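To keep things clear, I will list the structure first and then write my remarks on it.
Chains as they are written, first to last, in the working numbering: chain A, 1 to 314; chain B, 1 to 198.
Written out as structure tokens, the structure reads:
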């Protein structure tokens, strides 16, 4: 199969899955309506509708190519960083560093991907961004809670820009015989992460009892993690044919993606609750904000990128 | 007014300006929206938060010394249809509120920042008396307190680029009128209505 055929099969499969999900949601909605409605079912249907949109956006990117994909993730980063900073208390002295983050550092990070400049991409924010931000904050002259304020901006940049940019950075990989198919690898990552989120949610709602970290995230249960994670790993293994991996390798990669995504969701949930919020935002109906959807991607993408680069690049 | 749609879109993208109708609904009645003032984006944000139909008949009151020249004047005139007010007492002749009163008499609603200037803090300082005089002259106008959230973080006084934070615009309950209320008591009560939305 060539790339186009793989892509068509993959999208056909996802569309079929969503049709089934939409039908189930529609039937559950009708049943619930007769009993006076259910907030859970409404939320489920809102999520499914949002899924159609998200899949359509990903498909459009694939068809439009590399630049469109990079721009899409840059925009997603803007929204995620905006949600992060909106919830984080900042002071007047943080204005200049924030302007630099949004208008210079963020576009630069994505430009480095477009420019195929891996070496600088990997160190740009963790080294140069890290050093620049406290300097800019110091220039503003406000020392009140200085370290806390600088750290929060650095943290927001790392999670919402650096880590998320690893997803389109998969386009930089040079796996022999797979160079033209890197977009499939990116879709593979997103698919496994998001399926893992969905399946953990479904398994958790159906069978979940024991909560893993009740104070951090009430929706993460043992049954949800084990059942949903195992299912997502199995699907990831079964999708080996769109990756450069063998079925076993694909299964192992999926397991790592699932685990990293789960831990990312957990850690960012703790950050969110520490800031006193339930959702990062409200832009995706039923899902909360952009960062609620990308929290697991931000942890899974760098791990997946570096594992693939280490083991599969010559 | 060809600029108004792209301008509204830009403001939406940059700072969100999401309306929260807490104490009232959007309605085409005669209204004076008055809000805390922390940023140059305030006028635009409040104006963008209104539905397009109301925007067309609502005039933001803008300081002539800031919005009256160059590109800003283009935005103010062609974008959000501002009504200029002369802040400098030496330059004005006659009643500075006259253009505002004329607009209200024509049935146009107003957007007003009664502090008269931007503040570094989110919560409003003491109000100037313009709001009181207009409220006396137009008892039928609804006085809507508005709190602009996060704009002091997005583009504080002295800065020129907005940080694209999510900012919200909260509309409160119309301020009740009390008979024979003294000016200072009225202005303080009006200010508290904005503070209560914070």
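Even glycine gets a Cβ: it sits at the ideal position worked out from N, Cα and C.
Everything numeric in this text was worked out from a predicted model, so none of it was measured.
**OP:** Check each residue of the region 163–195 of chain B: if its Cβ is closer than 7 Å to any Cβ of chain A, include it; give the result in chain order.
**Re:** The residues in question are 163, 164, 165, 166.
Subject >> Delimiting residues of the alpha helix (DSSP H) encompassing residue 302 of chain A >> reply: 290–312 is the extent of the alpha helix (DSSP H) around residue 302 of chain A.
**OP:** Check whether the Cβ atoms of residue 145 of chain B and residue 116 of chain B lie closer than 9 Å to each other.
**Re:** no
**OP:** Please list the residues of the region 132–154 of chain B that have a C-beta atom closer than 7 Å to any C-beta atom in chain A, keeping them in chain order.
**Re:** For the region 132–154 of chain B, which is checked against every Cβ of chain A, the residues closer than 7 Å are 150, 153.
**OP:** Helix, strand or coil for residue 86 of chain A, going by three-state DSSP, please let me know.
**Re:** helix
Original post:
Helix, strand or coil: which one does DSSP assign to residue 5 of chain A?
Top reply: helix
Original post:
When DSSP labels each residue in this structure, what does residue 126 of chain B get in the three-state scheme?
Top reply: coil
Original post:
Once you ignore the five residues that flank residue 136 of chain A on each side, which residues in its own chain have a CB closer than 8 Å to its CB?
Top reply: 96, 97, 100
**OP:** Could you please give the first and the last residue of the uninterrupted alpha helix (DSSP H) stretch that includes residue 154 of chain A?
**Re:** 146–157
Original post:
Taking Cβ-Cβ distances below 8 Å as the criterion, which residues of the region 62–84 of chain A are in contact with chain E?
Top reply: The structure shown contains no chain E; its protein chains are A and B.
Original post:
Which residue comes first and which comes last in the beta strand (DSSP E) that contains residue 161 of chain B?
Top reply: Segment: none, residue 161 of chain B is in no beta strand (DSSP E) and carries neither H nor E.
**OP:** Report yes or no: do the region 49–69 of chain A and the region 147–157 of chain A share at least 3 C-beta pairs separated by less than 8 Å?
**Re:** For the pair of segments examined, the region 49–69 of chain A was found not to touch the region 147–157 of chain A: the number of CB pairs separated by less than 8 Å stays below three.
**OP:** Please list the partners that residue 161 of chain B has in chain A, where partner means a Cβ-to-Cβ separation under 8 Å.
**Re:** 99, 103
Subject >> Chain-ordered chain B contacts of residue 281 of chain A [CB-CB under 9 Å] >> reply: Neighbours of residue 281 of chain A across chain B, judged by C-beta separation under 9 Å: 166.
**OP:** Could you tell me which of A:170, A:57, A:176, A:122 sits nearest to residue 158 of chain A, measuring between CA atoms?
**Re:** When A:170, A:57, A:176, A:122 are compared, the shortest CA-CA separation from residue 158 of chain A is found for A:122.
Subject >> Under 7 Å (Cβ pairs) to chain A, residues found in the region 86–102 of chain B >> reply: none
Original post:
Would you report the Cα separation of residue 197 of chain B and residue 127 of chain B, rounded to the nearest angstrom?
Top reply: About 16 Å.
Original post:
At which residue ranges does the region 47–121 of chain A contain complete alpha helix (DSSP H) runs of 4 or more residues, listed in the order of the chain?
Top reply: 66–87, 95–100, 106–114
Subject >> residue 70 of chain B to residue 38 of chain A span [Cα, whole Å] >> reply: 56 Å
Original post:
How long is the line joining the alpha carbons of residue 43 of chain A and residue 103 of chain B, rounded to whole angstroms?
Top reply: 46 Å
Subject >> Beta-bridge partners of residue 168 of chain B, as assigned by DSSP >> reply: B:18, B:149
Original post:
From this set, A:165, A:93, A:141, which residue's C-alpha is nearest residue 159 of chain B's C-alpha?
Top reply: A:93
**OP:** Assess, as a yes-or-no matter, whether the region 90–97 of chain B is touched by the region 11–20 of chain B under the definition of 3 or more beta carbon pairs within less than 8 Å.
**Re:** Verdict: no, contact absent.
Original post:
Residues of chain B with CB under 9 Å from residue 92 of chain A, in chain order?
Top reply: 120, 152, 153, 156, 157, 158, 159
**OP:** For residue 144 of chain B, write down the residues that DSSP places opposite it in a beta bridge.
**Re:** B:33
Subject >> Presumed contact (8 Å Cβ cut-off) between residue 48 of chain A and residue 18 of chain A, rounded CB distance >> reply: That pair is a contact at about 7 Å.
Subject >> is_contact[residue 86 of chain A, chain B] using C-beta, thresh 9 Å >> reply: yes
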